[in-house]
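K.L.:
Going down the list, the sequences are from chains A and B. Residue numbers for the first sequence follow UniProt numbering, beginning at 1 and rising by one. Residue numbers for the second sequence follow UniProt numbering, beginning at 1 and rising by one. Quick reminder that beta carbons are idealized off the backbone N, C-alpha and C, glycines included. The model shown is predicted, which means the values in this text are computed figures rather than measured ones.
Protein chains: 2
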Amino acid sequence: MIDQIFNAATEAFLQYKNLPGNERADFLDKIADTLESNRSKIVPVAVKESNLPEGRINGELGRTVGQIKLFANMVREGSWLEATIDPGDPHREPLPKADIRRMLIPVGPVVVFGASNFPLAFSTAGGDTASALASGCPVIYKGHPAHPETSILVADCIHKAVLESNLPEGVFIHVEGGIDVGQALVQHPAAKAVAFTGSFNGGKALFDLASKREEPIPVYAEMGSVNPVFTFPEKLENELIPLAQAYVNSLTLGSGQFCTNPGLIFVPKEHAEEFETATAQALKDIAGSPMLHPGIAKSYYEAIAYYQTRNELKWIKVADPKHQINGSPALAQITAADWLADDVFQQEVFGAFAFMVVYDSPNELMEIAKKLHGQLTITVWGDIPELKQNAALINILEEKCGRLLFQGVPTGVEVGYAMQHGGPYPSTTDPRSTSVGSHAIKRFARPIAFQDMPEDLLPDALKNDNPLKIVRQVNGKFTVEKIN
Amino acid sequence: MIDQIFNAATEAFLQYKNLPGNERADFLDKIADTLESNRSKIVPVAVKESNLPEGRINGELGRTVGQIKLFANMVREGSWLEATIDPGDPHREPLPKADIRRMLIPVGPVVVFGASNFPLAFSTAGGDTASALASGCPVIYKGHPAHPETSILVADCIHKAVLESNLPEGVFIHVEGGIDVGQALVQHPAAKAVAFTGSFNGGKALFDLASKREEPIPVYAEMGSVNPVFTFPEKLENELIPLAQAYVNSLTLGSGQFCTNPGLIFVPKEHAEEFETATAQALKDIAGSPMLHPGIAKSYYEAIAYYQTRNELKWIKVADPKHQINGSPALAQITAADWLADDVFQQEVFGAFAFMVVYDSPNELMEIAKKLHGQLTITVWGDIPELKQNAALINILEEKCGRLLFQGVPTGVEVGYAMQHGGPYPSTTDPRSTSVGSHAIKRFARPIAFQDMPEDLLPDALKNDNPLKIVRQVNGKFTVEKIN
């Protein structure tokens, strides 16, 4: 069965990769429109399967549609191809100079795994699928067992768009099955890249499999992180109450089931008591909403039960496991010295649980920064003079994350051109990439150079008269001009 | 010792990464100038250690200097940073939009391994070192045992430039030692990327080590390939003699010791005899020049001795192992059917040895294309109508290489903006990258997004008034304009 899937995908690839950008964009728009017109069918099923509220799922469908349309617009426009042209010079001495033209081409069939916490935006027609299809790669999508019906409904929308666009069926193949099926997909010789969002263990296992293949392939696994928040005294002096409230809101949003959930906050000693009081107050009445599935709730409460055995912690709010499916939030205080002494205090607990780490001095913060694992995001709350005083700290924090925030909270990942959703290991397996935003398309492309290719045969992106009117680098300069 | 090296490199990194582009460019220029002013000292030593002729080494030094200056110019100009800005909008409904600004930052200390076949251009101050330093990464350079004195002379030039630029010593560290030292460098937790040019076994071993680290890191290993040449009948009808001569020249250049040496040529049956005669004639008087070192010559003759045991082959020219250090060229003919039957006929033999594969039909060519391993280059010699007829073949060949040539020969890799020197596995471990040309710098960088960063703190590349005057993507559009 796996061989058949990849035969179909490989055959489809050789046709699909040559589809002009505007037609590929039309196909993506058709997927988006089909999803939108099936909203009333998809939303209740996704709500039922994920326990997420209807408003959130409706918003997520909008985001999913928006992402697909962002990629459609990029592909229609075409500058993402990084067309680079060094025109030839037959009169160069001592040797004539060849004409060399470089652009990105799609890598081939991509295996995509969905995420339980985003049954739409990071699943069947989510960002990974959309960006792979946008780049010109067929997608073999492994449905997530937490939302099987949703996945099939969404896959049907994509199948419909494939059919109506007269594309080969192998452009998108929906596969159901267990871990063994996922592993077989990653190991198949015709797979050229893998995209995954989920746990560290899941992502790392796929990375290891892919690295051990006869032909190793890239795995873009977004595995989450604890998204530390650093707070400085002057800022807290003026804004402690609203910041504590913003922090708790971000921590408990959707029962903390976000990759960018801020599970770690560093607070200066002189404000610790006040911050503790404010967060305790803010957390007091939050019961937590149902988690995605019982297994996730079970892991959440088990992790908290473990930390309850640790003497280093003082509990500001204890989770209430009464309703096992609800992710009751929890917050524990620890000194920086104790936090530094054991890496277990920077492990991700998926859910609305955080460590409030009380620090004594800037020196301690530097030690913390150096010890910090790779993160999707780091947030720094300080007044400008404080930020400048802590330039050396921020210099190190840059090395530890993919996105560095100076206002607001890390949850709520904007889908745009400048977004970076990815970061140093172990937050992802490939910090050179992003899984959100327009640059995500480049994960599934690689450069090729055509040397002295006859004008007739050149792809439109590289033709002399620039029929796509894209931005190209010609002799090193960015331009939309034609080549003479 | 390894710990000390990485402590120095890591400390240097935190300073060097923040050096403004123009100062980093000045530093690179200083390396280039110091190399140039030590030409008379370096060249004779490199000639002695590599057995390569003085003219070649002189040219290679020029190329090395040129590469460094290309990167200096890029870094001085600054658009390579891919600055991308999505300005914020506090009035957006339902939620204000954060200001997000993305750019590339250097990854950290890079371990570089030199290549024996380019003692200058792919070694101590070669393209890998130059591009890593250009991106803002310190380099830990493992000297190649085939040219130890050359390596030290070149390293001294870099050390001098470091000193004169008032940079910390850890910006460039020259390390001598065996395979165990190389392995220890790749395994050190502070290493963030590896660049290598050399054999498949060497590159793959480093890739495996790096994948198994606690924090896996990218390995950019350029491991060579057989660089197939496809010829079509009409083209040969008109140009067989000059093409056969060009082929032999490329095959035997520098005793075939190039990554892009064309070790495989596909010739249509109807022209096989004439092509055989022409190549035999062209090869007749080529004795071959001394190979890089006795070990390489030994491997070359051993490989040929193995192929002499294979009955499928008809020898057009047999290597003459009389002078073991000279790479006496060899060419063996085989039918496409026999070639297809055993992968051993597409293994790289480092040196001036090739298979001339005689094909019967376009169908056979399609089978060959599908079976072909990943290559740095593929060359297609055909008239335009033939190329159009073979569009389906070329469509597959694109999937198998990093550079596709339609004129000339694959040896002679132009250093420019559009060059792609890299290709699908096993020619490299990362086909998303190039080790030659301006894009090589991106191997050692990763994106970071700054969210709501105060203007005062923003790097110059992302400031509102665009002080670097670089091309940036603002709200999706490429522009040099300021942000209002």
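#1: Please confirm whether residue 191 of chain A has its beta-carbon closer than 7 Å to some beta-carbon of chain B.
#2: According to the neighbour-count rule (16 or more other Cβ atoms, all chains shown, within 10 Å of its Cβ), is residue 54 of chain B buried or exposed?
#3: Run through chain B and tell me which residues come within less than 9 Å of residue 439 of chain A, C-beta to C-beta.
#4: Enumerate in chain order the residues of its own chain whose CB-to-CB distance from residue 44 of chain B is below 6 Å, with the five nearest sequence positions on each side excluded.
#5: Out of curiosity, what's the CA-to-CA distance linking residue 21 of chain A and residue 228 of chain A?
#6: Sorted by chain position, which residues of the same chain lie with C-beta nearer than 6 Å to residue 75 of chain B's C-beta, five sequence neighbours on each side aside?
#7: Can residue 255 of chain A and residue 291 of chain A be called in contact, C-beta distance under 7 Å?
#8: Taking Cβ-Cβ distances shorter than 9 Å, what residues in chain A pair up with residue 429 of chain B?
#9: Under three-state DSSP, which class holds residue 157 of chain B?
#10: Look up residue 223 of chain B in the DSSP assignment and say whether it is helix, strand or coil.
#11: Got a sec: is the Cβ-Cβ distance from residue 414 of chain A to anything in chain B below 7 Å?
#12: Under 7 Å between C-beta atoms, does residue 14 of chain A make it to chain B?
#13: Counting pairs of Cβ atoms below 8 Å between the segment 260 to 278 of chain B and the segment 429 to 437 of chain B, do you hit three or more?
#14: Can you round the beta-carbon distance between residue 263 of chain A and residue 297 of chain A to whole angstroms, since I take them to be within the 8 Å contact cut?
#15: In three-state terms, what does DSSP make of residue 213 of chain B?
#16: Using Cβ-Cβ distances below 8 Å, what residues of the segment 335 to 361 of chain B are close to chain A?
#17: Assuming residue 79 of chain B and residue 123 of chain B form a contact by the criterion Cβ under 8 Å, report the distance between their Cβ atoms to the nearest whole angstrom.
#18: Curious, which full-length beta strand (DSSP E) runs of at least 3 residues does the segment 369 to 448 of chain B contain?
#19: What's the gap between the Cα of residue 221 of chain B and the Cα of residue 430 of chain B?
#20: Using alpha carbons as the reference points, say which of B:432, B:449, B:31 lies closest to residue 442 of chain B.
#21: At a Cβ cut of 8 Å, what residues of the segment 451 to 467 of chain B count as close to chain A, listed as they run along the chain?
#22: Establish whether the CB of residue 387 of chain B and some CB of chain A are separated by less than 7 Å.
#23: Is it right to say residue 4 of chain B is buried, meaning 16 or more other beta carbons lie within 10 angstroms of its own, or is it exposed?
#24: Which residue comes first and which comes last in the beta strand (DSSP E) that contains residue 477 of chain B?
#25: Let me know the secondary structure DSSP gives residue 465 of chain A once reduced to three states.
#26: Cβ closer than 7 Å: which chain A residues qualify as neighbours of residue 487 of chain B?
#27: For residue 425 of chain A, go through chain B and note every residue whose CB falls closer than 7 Å to its CB, in chain order.
#28: Using a threshold of 7 Å, state whether the C-beta atoms of residue 460 of chain A and residue 468 of chain A are closer than that.
#29: Look up residue 356 of chain A in the DSSP assignment and give the residues it is bridged to.
#30: Taking 8 Å as the limit between beta carbons, can you name the residues of its chain near residue 368 of chain B, skipping five residues before and five after?
#31: Quick one: is residue 214 of chain A buried, meaning 16 or more other Cβ sit within 10 Å of its Cβ, or exposed?
#32: I'd like to know if residue 406 of chain A contacts chain B, where contact means its C-beta is closer than 7 Å to some C-beta of that chain.
#33: Determine whether the Cβ of residue 210 of chain B lies closer than 7 Å to any Cβ atom of chain A.
#34: Could you spell out where the alpha helix (DSSP H) holding residue 291 of chain A opens and where it closes?
#35: Within the 7 Å Cβ cut-off, does residue 395 of chain B reach chain A?
P.N.:
Per the coordinate set shown:
#1: No - not a single Cβ of chain B is within 7 Å of the one on residue 191 of chain A.
#2: Under the 10 Å beta carbon count, residue 54 of chain B is surrounded by fewer than 16 other beta carbons and is classified as exposed.
#3: Those within 9 Å of residue 439 of chain A in chain B are 82, 84, 102, 447.
#4: Around residue 44 of chain B: no qualifying Cβ.
#5: When rounded, the distance between both Cα atoms is 40 Å.
#6: Only 21, 24, 25, 134 meet the Cβ criterion.
#7: Yes; because the gap between Cβ atoms is below 7 Å, this pair is in contact.
#8: Chain-order list of chain A residues neighbouring residue 429 of chain B: 216, by C-beta distance under 9 Å.
#9: When secondary structure is reduced to three states using DSSP, residue 157 of chain B falls in the helix class.
#10: Residue 223 of chain B: coil per DSSP, three-state reduction.
#11: Yes, because at least one Cβ of chain B sits closer than 7 Å to the Cβ of residue 414 of chain A.
#12: Yes, residue 14 of chain A lies at the interface with chain B (some Cβ there is under 7 Å from its Cβ).
#13: The way I'd put it, the segment 260 to 278 of chain B doesn't touch the segment 429 to 437 of chain B; fewer than three beta-carbon pairs between them come closer than 8 Å.
#14: Residue 263 of chain A to residue 297 of chain A, Cβ: 17 Å. No contact.
#15: Looking at residue 213 of chain B - three-state DSSP - the assignment turns out to be coil, as it is neither helix nor strand.
#16: Correct list: empty, as no residue qualifies.
#17: Contact between residue 79 of chain B and residue 123 of chain B does not hold, since their C-beta atoms are separated by about 29 Å, which reaches or exceeds 8 Å.
#18: Whole beta strand (DSSP E) segments, 3+ residues: 375 to 381, 401 to 405.
#19: Pairing residue 221 of chain B with residue 430 of chain B, the inter-Cα distance amounts to about 7 Å.
#20: Looking from the CA of residue 442 of chain B, the closest CA among B:432, B:449, B:31 belongs to B:432.
#21: Taking 8 Å as the upper bound on Cβ-Cβ separation, chain A lies near residues 451, 452, 453, 454, 456, 457 of the segment 451 to 467 of chain B.
#22: Yes, because at least one Cβ of chain A sits closer than 7 Å to the Cβ of residue 387 of chain B.
#23: Residue environment: residue 4 of chain B is assigned as exposed (fewer than 16 neighbouring CB atoms within 10 Å of its CB, all protein chains considered).
#24: Per DSSP, residue 477 of chain B belongs to the beta strand (DSSP E) from 477 to 479.
#25: Coil at residue 465 of chain A, not helix or strand.
#26: For residue 487 of chain B there is no data in the structure shown, the boundaries of chain B being 1 and 484.
#27: In chain order: 215, 216.
#28: In this structure, residue 468 of chain A lies closer than 7 Å to residue 460 of chain A by Cβ.
#29: Answer by DSSP bridge pairing, in chain order: A:265, A:333.
#30: Answer for residue 368 of chain B: 266, 336, 339, 340, 357, 359, listed in chain order.
#31: Residue 214 of chain A counts as exposed, since fewer than 16 other beta carbons sit within 10 angstroms of its beta carbon.
#32: With 7 Å as the cut-off, residue 406 of chain A counts as an interface residue toward chain B.
#33: Not an interface residue.
#34: Careful: residue 291 of chain A lies outside any alpha helix (DSSP H) and carries neither H nor E.
#35: Residue 395 of chain B counts as touching chain A.
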